[in-house]
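Let me begin by presenting the structure, written as structure tokens, before commenting on it.
Number of protein chains: 2
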Amino acid sequence: MARPSDTKARIQAVARELFVEQGVQNTSLRQISDRLGITKPALYYHFASRDELVRSIIQPLVEDMERFVATRESGEARELLEEYFDMIWRHRDITVMIVREMSTLGYLDLGQRMFDWRRRLITLLLGPDPTPARHIHATVAIGGMSDCSVEYAHLPLDEVKSAAVDAAAAALGL
Amino acid sequence: MARPSDTKARIQAVARELFVEQGVQNTSLRQISDRLGITKPALYYHFASRDELVRSIIQPLVEDMERFVATRESGEARELLEEYFDMIWRHRDITVMIVREMSTLGYLDLGQRMFDWRRRLITLLLGPDPTPARHIHATVAIGGMSDCSVEYAHLPLDEVKSAAVDAAAAALGL
DNA sequence: GTCTATATGATGATAGAC
DNA sequence: GTCTATCATCATATAGAC
Numbered sequence: 005m006a007r008p009s010d011t012k013a014r015i016q017a018v019a020r021e022l023f024v025e026q027g028v029q030n031t032s033l034r035q036i037s038d039r040l041g042i043t044k045p046a047l048y049y050h051f052a053s054r055d056e057l058v059r060s061i062i063q064p065l066v067e068d069m070e071r072f073v074a075t076r077e078s079g080e081a082r083e084l085l086e087e088y089f090d091m092i093w094r095h096r097d098i099t100v101m102i103v104r105e106m107s108t109l110g111y112l113d114l115g116q117r118m119f120d121w122r123r124r125l126i127t128l129l130l131g132p133d134p135t136p137a138r139h140i141h142a143t144v145a146i147g148g149m150s151d152c153s154v155e156y157a158h159l160p161l162d163e164v165k166s167a168a169v170d171a172a173a174a175a176l177g178l
Numbered sequence: 005m006a007r008p009s010d011t012k013a014r015i016q017a018v019a020r021e022l023f024v025e026q027g028v029q030n031t032s033l034r035q036i037s038d039r040l041g042i043t044k045p046a047l048y049y050h051f052a053s054r055d056e057l058v059r060s061i062i063q064p065l066v067e068d069m070e071r072f073v074a075t076r077e078s079g080e081a082r083e084l085l086e087e088y089f090d091m092i093w094r095h096r097d098i099t100v101m102i103v104r105e106m107s108t109l110g111y112l113d114l115g116q117r118m119f120d121w122r123r124r125l126i127t128l129l130l131g132p133d134p135t136p137a138r139h140i141h142a143t144v145a146i147g148g149m150s151d152c153s154v155e156y157a158h159l160p161l162d163e164v165k166s167a168a169v170d171a172a173a174a175a176l177g178l
């Protein structure tokens, strides 16, 4: 069907589809191999374990997030909100998957890491040691934008982004 | 240990704990019975199936939500935001559990229902047929508040509520 | 690289004794 | 109401042929 060396990528594509559709825990290797028209053990030629397959699919989001909170500097808040929205929008399907399954994926330490990303993002927006009230305002802004990237996932980016960023900025008092 | 007729309630309490901790799909009947110090089949005297146990735990939230969106009328927006916050705060642990596991709990139609609740809430806030932009603003407001009820779940209600409602109101342009 | 066949273990659920 | 014993089913994973 496809070039042999593409099989690994095809496995990831199908797994990603099924994980997003039905959840990670709820998807078996059998379902993946069936949809690809190969057998279960064939998967083990390309991935050492189920976990390794899961990790390989989440990795791009993790890398993007880490890079984002590591490289940005405090500055124009609205610009930061917009860039952040672009990123969560790109990864919106995997984000939903992770949030939905945080406990199951707890072994990957993802719940803690996402919490940490958000904390650092708030520091970028508000500086260190914001008051609890301003921290909560920022959570409404950022959490609300995340919800938009999920709830309007099927709409064109520009339609959603400007309104979502406006609302987030207002929540922040900008 | 406890009065015999309390066993059903004790099962629900322990199941609820484990579901919130680890997720529904990820919790086995064996774990529940172990923590209670009884055996697996004993559970089946009190609940016809695993599903029935799960449903019995989610039911209070479903009833409260349905009642809320059914009985409120359009009116003062800030008051509505406050009452809504009180409710999601009360059910915050189960809400997390559901959102995290929407696909797994798809058979209960919960994903669709939660989406519907939010849609009706937005109608209450904005009236019928809001512009897409205002709809998105409302999603930031409501989604952002939900995030607060999760992220600050350990703080006292009043500290969180006033700041969260303020931010939501600002996102809505109030 | 992919197959058949199989090992091993957990799960939800039932039958029937006490 | 709770137990012991057991079933069918499904999962991840491995061994070894082609």
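These protein sequences, in sequence, are chains A and B.
First residue of the first sequence? That's 5 in my numbering, and the numbers climb one at a time after it.
First residue of the second sequence? That's 5 in my numbering, and the numbers climb one at a time after it.
We put the beta carbon where it would ideally sit given N, CA and C, even for glycine.
Simplified DSSP state of residue i, which is helix, strand or coil
i                  : result
Arg-104 of chain B : helix
Ala-6 of chain B   : In this prediction, Ala-6 of chain B has a pLDDT of 48, which is less than 50 and means its spatial position is unreliable; what the coordinates show is noted afterwards. Correct three-state label for Ala-6 of chain B: coil.
Tyr-49 of chain B  : helix
Tyr-111 of chain B : helix
Arg-82 of chain A  : helix
Leu-176 of chain B : coil
Glu-70 of chain B  : helix
Glu-77 of chain B  : coil
Ile-98 of chain B  : helix
Arg-14 of chain B  : helix
Cβ-based neighbour list, residue i, same chain, cut-off 7 Å, excluding 5 preceding and 5 following
i                  : result
Thr-108 of chain A : Val-28 and Gln-29
Leu-125 of chain A : Val-73, Tyr-88 and Ile-146
Leu-40 of chain A  : Arg-14, Ile-15 and Val-18
Ala-173 of chain A : Arg-82 and Leu-85
Val-164 of chain B : Cys-152 and Tyr-156
Arg-76 of chain B  : Leu-84 and Leu-128
Lys-12 of chain B  : His-50
His-141 of chain A : Ala-175, Leu-176 and Gly-177
Asp-68 of chain A  : Met-91 and His-95
Ser-78 of chain B  : Leu-128 and Gly-131
Counted within 10 angstroms of its Cβ, other Cβ atoms place residue i as buried (16 or more) or exposed
i                  : result
Lys-44 of chain B  : exposed
Phe-72 of chain A  : buried
Thr-99 of chain A  : buried
Ala-74 of chain A  : exposed
Glu-105 of chain B : buried
Leu-33 of chain B  : buried
Gly-131 of chain B : exposed
Ser-150 of chain B : buried
Arg-175 of chain A : Per the sequence shown, residue 175 of chain A should be read as Ala rather than Arg. It counts as buried.
Leu-159 of chain B : exposed
Asn-119 of chain B : Sequence check: residue 119 of chain B is Phe here, not Asn. It is exposed - the Cβ of Phe-119 of chain B has fewer than 16 other Cβ atoms within 10 Å.
Ala-167 of chain B : buried
Asp-170 of chain B : buried
Thr-135 of chain A : exposed
Pro-8 of chain A   : Any answer about Pro-8 of chain A is weak, because its pLDDT of 45 lies below 50 and its placement is not dependable; what the coordinates show is given next. The residue is exposed, with fewer than 16 neighbouring Cβ atoms inside 10 Å.
Leu-161 of chain A : exposed
Ala-46 of chain B  : exposed
Close beta carbons around residue i, own chain, < 8 Å, minus the five adjacent residues each side
i                  : result
Arg-96 of chain A  : Ser-153, Val-154 and Ala-157
Leu-178 of chain A : Ala-81 and Arg-82
Ile-92 of chain B  : Thr-99, Met-149, Ser-150 and Ser-153
Met-5 of chain B   : Here the model assigns Met-5 of chain B a pLDDT of 48, short of 50, so the residue's position is not dependable, and the following value carries that caveat. Contacts found: Gly-41.
Thr-143 of chain A : Arg-122 and Ile-126
Arg-59 of chain A  : Leu-112
Sequence-distant residues of its chain with Cβ nearer than 6 Å to residue i (five each side left out)
i                  : result
Ile-42 of chain B  : none
Thr-31 of chain A  : Leu-22 and Phe-23
Met-101 of chain A : Phe-23 and Val-24
Phe-138 of chain A : For clarity, residue 138 of chain A is Arg in the given sequence; the question names Phe instead. Cβ neighbours of Arg-138 of chain A beyond the five flanking positions: Leu-130.
Ile-62 of chain A  : none
Open item on the list: Report the start-end ranges of each alpha helix (DSSP H) in the segment 16–46 of chain A that is 4 residues or longer and not cut off at the edges.
Closed with: 33–40
Open item on the list: With three or more C-beta pairs closer than 8 Å as the rule, is the segment 45–52 of chain A touching the segment 78–95 of chain A?
Closed with: no
Open item on the list: Extract the residue ranges of the alpha helix (DSSP H) inside the segment 115–171 of chain B, only unbroken runs of 4 or more that lie entirely within it.
Closed with: 136–155
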